[in-house]
Structures are given as structure tokens and as C-alpha cells.
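Following: one structure in C-alpha cells, then a few remarks.
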Amino acid sequence: MTGIDAHLILNHSAGDITRNIQAIIFDMDGTLVDSEPVHIHAWQQVLAGMGHYLPEDWFYRYIGVGDVEVSPMITSRLELDLPAEKFLCMKREVFDELSAGELEPFPGVAEGIGKLKTAGYRTALCTGSRRKDMDQVL
Numbered sequence: 002m003t004g005i006d007a008h009l010i011l012n013h014s015a016g017d018i019t020r021n022i023q024a025i026i027f028d029m030d031g032t033l034v035d036s037e038p039v040h041i042h043a044w045q046q047v048l049a050g051m052g053h054y055l056p057e058d059w060f061y062r063y064i065g066v067g068d069v070e071v072s073p074m075i076t077s078r079l080e081l082d083l084p085a086e087k088f089l090c091m092k093r094e095v096f097d098e099l100s101a102g103e104l105e106p107f108p109g110v111a112e113g114i115g116k117l118k119t120a121g122y123r124t125a126l127c128t129g130s131r132r133k134d135m136d137q138v139l
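Taking the numbering used here, I'd label the letters of the sequence shown as residues 2 to 139.
Have a look at this one:
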């Protein structure tokens, strides 16, 4: 999904359905913002510094799986002599550098959320990402 189609919610032909909606909760990564390429690049950059490589398609199999779970998968798969927690910290440092100012909402997201709020809907964000990453997007 790229962006929000507020039109579907605001102009739904079955108007009764929208009367019962009290709030709309959005996921962040992959829904409001395309952060996956940045996450993948960060993992790959850390691995390259250690002389290892995993192709992009390996990471795409784990979209929706948090970094905390992916880190031990990588360290185990590549038999890295490094605790998964340390590896994760290294990845997050690189991610922070790469994502600074680059994580932007998909086209139409800001406008769509604005229309929902104008129409009286409350909105919320639910994410498995760190608060720091969420604040950067908001």
C-alpha cells in the first residue's frame, strides 16, 4: 500500500459503516513510510564491514518482523562471533545515520490523515519501531 486512500473511508457507499468508527490506527513501516529499504541497507552495511553479505531478497522475507527477532537470525545464519544484541546496536547506529531526514511519508499520507481529522476521525499510530524512529517520521 502506498499512502492512505481517505476517499474510501470518507465516501464509502455504505455510510452506516463509518458512523461506528471512533478512531483509525495506522501501522508506520511500510504503511505510512517506506522504511524497509533503509533498514535493509543498514543491515547490509554492518555486514559488509564484517566481511559478510546477505542479498536484499533475504531481508524482504522478514518484512514485518522486528529487528530484535531478525538480529539473532542473521548472527545464527552467518555464524557470527558476536552477540545478537551487539549486532543489533551496530545496525541501529547505521540506521540512524542513514535515515536522518530521509524517512518521509508515502505520497498522500499527510493529506489523507488531514482529511480524516477534518472529518472528525481520531487517528493513532501503532508501530514496533523505536520511539526515536516514530518521532522522526511524525
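Yeah, the Cβ is synthetic: ideal placement off N, Cα and C, and Gly gets one too.
Over what stretch of residues does the beta strand (DSSP E) that includes residue i continue unbroken?
i, result
"Ile-26", "24 to 28"
"Gly-120", "Residue 120 is actually Ala in this sequence, not Gly. Premise fails: Ala-120 is in no beta strand (DSSP E) and is neither H nor E."
Is the distance from the Cβ of residue i to the Cβ of residue j below 8 angstroms?
i, j, result
"Phe-88", "His-40", "no"
"Leu-79", "His-42", "no"
"Gly-195", "Ile-75", "One cannot answer for residue 195 here, as it falls past the ends of the chain, which runs 2 to 139."
"Thr-151", "Asp-28", "Only positions 2 to 139 of the chain appear in the structure, and residue 151 is not among them; the question remains open."
"Val-110", "Leu-55", "no"
"Ser-77", "Lys-92", "no"
"Gln-46", "Ser-100", "no"
"Tyr-122", "Ile-26", "no"
"Asp-58", "Phe-107", "no"
In the DSSP assignment, what residue or residues form a beta bridge with residue i?
i, result
"Pro-106", "Val-34"
Is DSSP giving residue i helix, strand or coil here?
i, result
"Leu-126", "strand"
"Leu-81", "coil"
"Arg-131", "coil"
"Ala-101", "coil"
"Ala-15", "Its pLDDT being 47, under 50, Ala-15 is placed unreliably in this model, and the value from its coordinates should be taken loosely. Correct three-state label for Ala-15: coil."
"Cys-90", "helix"
Please decide whether residue i counts as near chain D, where near means a Cβ-Cβ distance under 8 angstroms.
i, result
"Arg-93", "In the displayed structure, chain D is absent; only one protein chain is listed."
**Study point:** Minimum length 4: unbroken alpha helix (DSSP H) runs contained in the stretch 34 to 67
**Key:** Fully contained in the stretch 34 to 67 are the following alpha helix (DSSP H) runs of length 4 or more, in chain order: 37 to 50, 57 to 61.
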